[in-house]
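Enquirer: Please see the structure below; I have some questions.
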Amino acid sequence: MFSSNAFDYVNILDKAADASWMREKTIAHNIANVDTPGYKRKDIEFDTTLKQAIEKTKANNLHGAVTNLDVASLQPKVFTDYAGYSYRLDGNNVDVDTENVELASEQIKYQALTESISSEFARFKAVAK
């Protein structure tokens with residue numbers, strides 16, 4: 023059987039893109055609930071999870087860390103933001119302006135991730151020629 027680590031970077035980029043897409047959906051959900059009394063904004067945490075997973079590999083370079091990373095364990099975590107103080111009497115802590123900025127930022131991040139995935143496949147294609 024042939025074993026290769028060729029897709030290690032693609033797999034991690036794929037997980038990051040999935041988390042980014044999930045965060046976009048969560049932010050859009052927050053915006054949709056801006057007028058819901060008592061609603062607390064939700065967010066997604068993935069960057070810290072990825073950083074901790076890379077540190078656990080104890081590799082001395084990125085390639086080693088990526089090769090030894092347990093991709094299946096990389097799961098984005100949804101959390102409710104109770105720390106975001108509400109200035110509204112109805113207890114809702116969604117600030118639509120902040121959410122729109124976060125959404126735009128996440129869209130740029132998602133685009134960069136998908137372009138990186140496309141670049142990796144272009145490299146595979148170039149090698150296969």
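Going by our numbering, the sequence shown wraps up at 151, each residue one higher than the last.
Glycine included, every Cβ here is placed at the ideal spot set by N, Cα and C.
(1) Considering only the beta carbon of each residue, do Leu35 and Ile139 sit closer than 7 Å?
(2) So Lys37 and Val116 are in contact, right, with Cβ under 8 Å, and what is the actual spacing, rounded?
(3) Flag this pair as yes or no: are the beta carbons of Val88 and Asp30 separated by less than 7 Å?
(4) For Lys151, report the span of its alpha helix (DSSP H) as first-last.
(5) Are there three or more Cβ pairs, one per stretch, closer than 8 Å when the stretch 68 to 83 is compared with the stretch 127 to 146?
(6) Could you tell me which of Lys131, Lys151, Val149, Leu125 sits nearest to Lys47, measuring between CA atoms?
(7) Whose CA, out of Thr120, Gly86, Leu111, lies closest to the CA of Pro59?
(8) Distance, Cα to Cα, Leu135 vs Val56?
(9) Helix, strand or coil: how does DSSP classify Phe146 here?
(10) Give the range of the beta strand (DSSP E) segment to which Lys62 is assigned.
(11) What does a CB cutoff of less than 8 Å around Asp103 pick up in its chain, not counting 5 residues either side in sequence?
(12) Per the DSSP calculation, Phe68 is bridged to which residue(s)?
(13) I need the DSSP call for Thr48, collapsed to helix, strand or coil.
Expert: Straight from the coordinates:
(1) yes
(2) Distance from Lys37 to Val116 at the Cβ level is roughly 27 Å; contact not present, criterion being Cβ atoms closer than 8 Å.
(3) Taking 7 Å as the cut-off, the Cβ atoms of Val88 and Asp30 count as close.
(4) No alpha helix (DSSP H) holds Lys151; DSSP gives it neither H nor E.
(5) no
(6) Leu125
(7) Leu111
(8) 29 Å
(9) helix
(10) Note, Lys62: premise wrong, no beta strand (DSSP E); not H, not E.
(11) In its chain, beyond the 5 residues on either side, Lys62, Arg63, Lys64, Asp65, Asn115 have a beta carbon closer than 8 Å to the beta carbon of Asp103.
(12) None; Phe68 has no bridge partner.
(13) helix
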